[in-house]
Structure formats: structure tokens, C-alpha cells
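Take a look at the structure set out below.
Number of protein chains: 2
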Amino acid sequence: MSSRSPKTALFGHFAAVAKSLAHAHRLELLEQLAQGERSVEVLAERTGLAVANASQHLQRMRRAGIVASRREGKFVFYALADDAVLGLLSGLRRIAERNIAEVDQVIRSYFNHRDSLEAVSRKELMQRAGAVTILDVRPADEFALGHVPGAVNIPLRELEARLAEFDPAQEIVAYCRGAYCVLSYEAVATLRARGFKVRRLEDGLPEWRAAGLPVATG
Amino acid sequence: MSSRSPKTALFGHFAAVAKSLAHAHRLELLEQLAQGERSVEVLAERTGLAVANASQHLQRMRRAGIVASRREGKFVFYALADDAVLGLLSGLRRIAERNIAEVDQVIRSYFNHRDSLEAVSRKELMQRAGAVTILDVRPADEFALGHVPGAVNIPLRELEARLAEFDPAQEIVAYCRGAYCVLSYEAVATLRARGFKVRRLEDGLPEWRAAGLPVATG
DNA sequence: TCAATATTCAATTATTCCATTGAATGATGT
DNA sequence: ACATCATTCAATGGAATAATTGAATATTGA
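Top line first, the protein sequences correspond to chains E and F.
For what it's worth, the numbering used here labels the leading residue of the first sequence as 25, then goes sequentially.
For what it's worth, the numbering used here labels the leading residue of the second sequence as 25, then goes sequentially.
See the structure below:
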């Protein structure tokens, strides 16, 4: 083990970091963690994993240094260990999108491809602040932990019932958890069917935060 | 397989990309590929792997979309599929350095930690071009495929014998393949012992190229 | 102290991954 | 067509990984 060359030893550790990302369930856990810290139980429930299983995946990621945990009473809260983790995740996404034909297929058939191409950039949204309605379709608790300043929170399931809240004259920009959070795609589809002018925001809140843009809470 | 939700399917593909990075040998192959395209045989030799083994690792990375291959006569040349791969690798490095104590340990004991902290940035080197001697300690063939403009190529093993070529009055900036390429550390140590003023360049040639800076060939 | 709850641990089975070996394929030049 | 060389394939045994189960630990509040 320690008889390897220092470079090989380092590469072994780097590989361990990559390994800790190399599982669909762990990526789902990370997507949740990108929203903010969460307890094991909540993470397990949101990802549909057994608690013990989620716990083991989380521990593995902790050993690799990509998440951190803190205990508070009976609960253990996990969070991303480093801002660079988001960068890694978007790197994986980018490579898969560009170089794996099947990924392109899935995106084209399940996510409206034009919506992702025509997404509003963060910069553009900042410039047009006030002139557009910003719609956050995530659950209320995630909204409370942080959202784009000025955004209205209407979780997707309430959207149909609350259409009256929108000004038909104003363009709507919808966002949710990240690039592949289906919620914002569905919101765009729903609103567009009602005649609203809607576009998606590129990526989601975690990337907004990572870009150093202001985040409102409460 | 295709009965999963589209998001789960995508995450599975992203995980496959991460998996293709998740092995020390594959990272070593990628470090080589970052220098430029290479045949299977050369890659196997430089990484110390059996040819069949190297071939299988390379194929696995190709399936994941992080490398690409082209055939030329009897040879198959592999190359990085995407510039984003370098970004992923540096992300892995960064997370490991910051969050895994053992990595910090290895760096401190084997690589002179001050040398990595005091590395010359690419920007600084560009500004001081002409006022410093730029030393490329990689093998001649890698140098020929691309190097920092104005750099002198003295492979590490020839360094002791060619000390006379340096102007003692000028500061030397040494670089090689990347952040953990031992060559440049050793070059710095050797030259410093002879009284030269030397520092390392941050990272190596692949990162220089990725930053969009000019590269000379021949 | 005891019961309840959140998390982790330990042990099991099934699966996937890895290195090695030797044979097969594909391309070149004679 | 043949010999040669680079690469890939296929099969093997051994190691690591994953999901499940049930038990163990730690913290809280009664």
C-alpha cells in the first residue's frame, strides 16, 4: 500500500473520489444535498432508498471527502463538503451530454430539448430582474432554505390551481433543483399550454448560488 | 433498464462517466492522454500496464465518452474526447487535496509543499516572458507535440549534465506534465541545490493549453 | 432509568469489476 | 498468400461493491 510511488498513491485517492460519485443513487443523494443540508432520514425518503442503504452511501462519500456530516441531537445532517463538488457534477453532465448518444436521446425524448437550449442565462435574468416573473416550483421547504431574490414559490402540484396569480403580460422564468429537475420542464409545459410566455432558467438554485449570485431566504 | 424514470436513466449514465474515472490506472492513462494522442502500446508502456489490460481500460473510457480513438494503419490512437475532461480531473484533485488528510500528507512529504504553494501562475509567466528561463523537463517527444513558447527542453535525466546552459542571473520556471508530475519538483530541487533561483509553473502543459494560451510545436 | 427514535454496524448474498492468459482479428509489407 | 505486429476478444479466478436484514449504539424526553 504505502510502497507505491507517491504519484500512484495520490491517483489512488483521486480514484476514490471518483468512485464515490460513481453510482446513480449517490448522484441522487448529491442532487438533494446540493439544495442544502439534510438528515439521513429525509435523504433516504426523497431518494427512495432504505435508510441503512442511504447511510452507507453517505458514509462512503464522507470518506472520500465530498460530503460532510454534523450531528444535532438525534439527527445527523449531511452537506456537500466543498463547492467544487457542484463543478464536478456539472462536468460529468457535460461530458455525458456531449459524448454519449443515449444521453442525448433521453434528453430529447423526455425533456423538451428546445427548452433546455433556450434556457435563460443567470446573467440575463439578473439584468431583467423586475421585468419578469420568477417562478420557483420546488417544495416550500427547499424554497425557504434559499431562493432567487424576488421569486414566487408555487410547487408544481399547486400550479394549475394558482394560475390566476400570474400577470399574463409578463414573461415567466421557471427554475427548480438543477439541470435535470423535471419540475421546471413540466411547469413550462403547463404554463405554455395556457398561453403564457415561459422559459426555463439554466440549471437550478445550487448553480445560482455557486455562481456567487444573491440568494434570499425565508 | 428503460423502465426507469428518465432522471434515473440519466444519472446512471453520469455515474458511468464517473466510474470510468474511478481507477488509478485509468487516471494514469488520462494523464498521459492529456499530453496528446497516443497509441495503445505507448500508453501501456508508459503506465506499466499489460497491453491487453490497457486496451480494456481504454475501451471502457471510450464507452463512457471521455476518450476517443481513431485507427491509423496498425495503430489505434486514443485521445481525450472533450476539453471538459481536464476540468473533471482537476476537480477530483482539488477535492482530494482539500478534504482528504492523507492526500495532504503525501503532498507534504513527497512533493515540496512550498514549491506547490509558491508556483508561478500562468498569467505571471506570460507577463514576465523573456525575463525568465522557461524549462520543460518532459521527454523530447512530448515537448515536440507542444510546449510553452520560448521554453527550453531538457529532460530531467540530462539536467545535471547541462547545467552550463543556464544563465545564473535569470530566474528559471520549470514545468512538466501536470500538477503531480514529479519531474518538475525534482528539477527544482536539483537546480536549487546548485544555487539557481527556480520556481515551478502551476500545473503543466495540458492546463496551459486548456487555458487557451499559445503553444509552440516542433 | 426506560422507551422511542435516528443512525450506524455486521453479516449475508448477488453482482460487478479487475488482471491475466492465450487465442482471434485487422492491417501492413513481402 | 504469408508473416508480422498492434489491438481486441473471451474466459478465468480473485477482489471489491451493493442491497438487505436484523442487531447495536447514541440521543432525547418521559
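Note that beta-carbon positions come from the ideal geometry of N, C-alpha and C, so glycine has one too.
Note that the structure is predicted; figures quoted are calculated from it, not measured.
Here residue 228/F carries a strand assignment [DSSP, helix/strand/coil].
Considering only beta carbons, the part of the stretch 128-145 of chain E lying closer than 9 Å to chain F consists of 130, 131, 133, 134, 135, in chain order. Residues 49 of the same chain have their beta carbon placed closer than 7 Å to that of residue 73/E, with the five preceding and five following residues left out of the count.
Secondary structure remark: continuous alpha helix (DSSP H) runs of at least 4 residues inside the stretch 57-104 of chain F, in chain order: 64-71, 75-87. Counting C-beta pairs closer than 8 Å gives three or more between the stretch 134-141 of chain F and the stretch 203-223 of chain F, which meets the contact rule.
Inclusion of residue 195/F and residue 239/F in the CB contact set at 8 Å is not warranted, their separation being larger than that value. Taking 9 Å as the upper bound on Cβ-Cβ separation, chain E lies near residues 31, 32, 33, 34, 35, 36, 37, 38, 39, 40, 41, 42, 43, 44, 45, 46, 47, 48, 49, 50, 51, 52, 55 of the stretch 31-60 of chain F. At least 8 Å separates the beta-carbon of residue 110/F from that of residue 30/F. In this structure, DSSP gives residue 177/F an extended state, which the three-state scheme calls strand.
If you draw a straight line from the Cα of residue 95/F to the Cα of residue 148/E, it comes to about 44 Å. Taking the beta carbon of residue 106/F as reference, the chain E residues within 9 Å of it are 118, 119, 122, 123, listed in sequence order. Collapsing the DSSP output to three states places residue 153/F in a strand.
In its chain, beyond the 5 residues on either side, 168, 169, 170, 171 have a beta carbon closer than 8 Å to the beta carbon of residue 241/F.
Residue 111/E has a beta carbon lying within less than 8 Å of a beta carbon in chain F. Near chain F, meaning a CB-to-CB distance below 9 Å, the residues of the stretch 62-93 of chain E are 87, 88, 89, 90, 92.
Per DSSP, residue 198/E is one residue of the beta strand (DSSP E) stretching across 196-199. When 7 Å is used as the limit between beta carbons, residue 126/F is near these residues of chain E: 37, in chain order. Counting every other CB atom within 10 Å of its CB across the protein chains shown gives residue 165/F a total below 16, marking it as exposed. Cβ-Cβ separation between residue 67/E and residue 56/E: approximately 6 Å, consistent with a contact (criterion under 8 Å).
Taking the CA atoms as reference points, residue 198/E sits about 6 Å from residue 158/E. Chain E has no Cβ within less than 8 Å of the Cβ of residue 170/F. Contact annotation: in the stretch 205-228 of chain E, residues whose CB is within less than 9 Å of a CB in chain F are 205, 206. Chain F places a beta carbon closer than 8 Å to that of residue 115/E, counting this residue as a contact. The beta carbon of residue 93/E sits closer than 8 Å to the beta carbons of 82, 86, 100, 101, 102, 103 from its chain, once the five residues preceding and following it are set aside; these are given in chain order. In the displayed model, residue 162/E falls within coil according to three-state DSSP, outside both helix and strand.
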